[in-house]
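Beneath this line is the structure, given in structure tokens, with notes to follow.
Numbering (the working numbering), first residue to last: 8 to 328.
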């Protein structure tokens, strides 16, 4: 089917090992002007606390995304028939200064959001979500949050510093970026320093669904409950690849056993269909710890699934019957 929207370069038109090194081999452009959704990379890892390497995540996610095709066989979504999408490159972070980097990210996303586009971000360590949420708040006001992760990322400080990948949601909360009764954290697990590691969010009205509550079952019912609670509020989806069990996604910096399965991850993202999504990210892919590229491939697929549940893509699917 032909239309006026950008299309991924197909595997029958150019071998998958060729073509542009963009997300899904989409056209690249310098700004978000004229787009409905945009893929953006943030190649940073100077907020990490254990294994580095997420600065290489956006590049490998793009590389592995060459396997993706435009039509979603499971959900029947055809996002490239409904939206103008492009890869608008990477944020020019300061790799020697994390605190300057968060301000660079916020300013960059202010410009992106000024075009009315929905940004889907390729990370990069999880520090990046806080500065994105600052820009999102300026555009949309405080948002609902679906945060999929092994870790709550609500530390007040790490090594005395308030800017790190374990702190973004504490900073976002302090900045009034979140609707506290509509914050959902899914997949949290592992060891901690005290009950506050997970209970701080609960005390602020957040819903915390630990990984053990997800074992051996579908998460489709959970997502139905979350959709009902969020309603028509603007929503941001932040997906840390370490939410998945390391058997599925070893290429990350802070692995925890007992995590979600890939199909549960797909249920979570697909369960966002019908929500007013205003942005999303996929973070913490660290290519050096998975030479096979499988972790980045999973990340690329989850980003595509996010594209498929954006409001215009869902409306188009419903219109097609």
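Yeah, the Cβ is synthetic: ideal placement off N, Cα and C, and Gly gets one too.
Through-space distance from residue j to residue i, alpha-carbon basis
i, j, result
"residue 172", "residue 75", "29 Å"
"residue 318", "residue 281", "7 Å"
"residue 3", "residue 226", "Because the chain is modelled from 8 through 328, residue 3 falls outside the range shown and cannot be assessed."
"residue 111", "residue 121", "16 Å"
"residue 31", "residue 158", "29 Å"
"residue 35", "residue 55", "29 Å"
"residue 290", "residue 328", "34 Å"
"residue 72", "residue 166", "36 Å"
"residue 130", "residue 10", "31 Å"
"residue 297", "residue 255", "10 Å"
"residue 233", "residue 91", "28 Å"
"residue 295", "residue 53", "15 Å"
"residue 8", "residue 202", "Annotation note: pLDDT 46 at residue 8 (below 50); position unreliable, coordinate value reported separately. If you take the alpha carbons of residue 8 and residue 202, they lie about 54 Å apart."
"residue 39", "residue 322", "22 Å"
"residue 188", "residue 235", "12 Å"
Given residue i as reference, the closest of the options once Cα atoms are compared
i, options, result
"residue 101", "135, 178, 126", "135"
"residue 104", "121, 322, 170, 140", "170"
"residue 185", "178, 193, 149, 162", "149"
"residue 306", "167, 315, 288", "288"
"residue 17", "11, 242, 26", "26"
"residue 284", "131, 64, 314, 20", "314"
"residue 106", "128, 178, 241", "178"
"residue 229", "215, 125, 133, 239", "215"
"residue 144", "182, 163, 127, 39", "182"
"residue 333", "97, 127, 163, 142", "The structure shown does not extend to residue 333, since the chain spans only 8 to 328, so no value can be given for it."
"residue 88", "115, 12, 247, 123", "12"
"residue 195", "187, 247, 175, 243", "247"
"residue 198", "218, 213, 168", "218"
"residue 238", "258, 161, 51, 190", "190"
Coarse secondary structure for residue i, derived from DSSP in three states
i, result
"residue 165", "strand"
"residue 237", "helix"
"residue 68", "helix"
"residue 242", "strand"
"residue 198", "coil"
"residue 33", "coil"
"residue 151", "strand"
"residue 129", "strand"
"residue 176", "helix"
"residue 188", "strand"
"residue 214", "strand"
"residue 92", "strand"
"residue 318", "helix"
"residue 22", "coil"
"residue 303", "helix"
"residue 43", "coil"
"residue 74", "helix"
"residue 294", "helix"
Cross-strand partners of residue i (DSSP beta bridge)
i, result
"residue 97", "48"
"residue 283", "241"
"residue 193", "155, 216"
"residue 267", "251"
"residue 288", "128, 245"
Check: Are there three or more Cβ pairs, one per stretch, closer than 8 Å when the segment 310-326 is compared with the segment 250-265?
Finding: no
Margin query: Taking 8 Å as the cut-off, does the segment 267-278 touch the segment 33-52 (at least 3 CB pairs, one atom from each stretch)?
Written below: no
Notebook entry, point to check: Should the segment 153-160 be called in touch with the segment 77-85, which here means at least 3 C-beta pairs below 8 Å?
Noted result: no
Next item on the list: Taking 8 Å as the threshold, find out whether the segment 20-34 comes into contact with the segment 60-70 through three or more Cβ pairs.
Entry: yes
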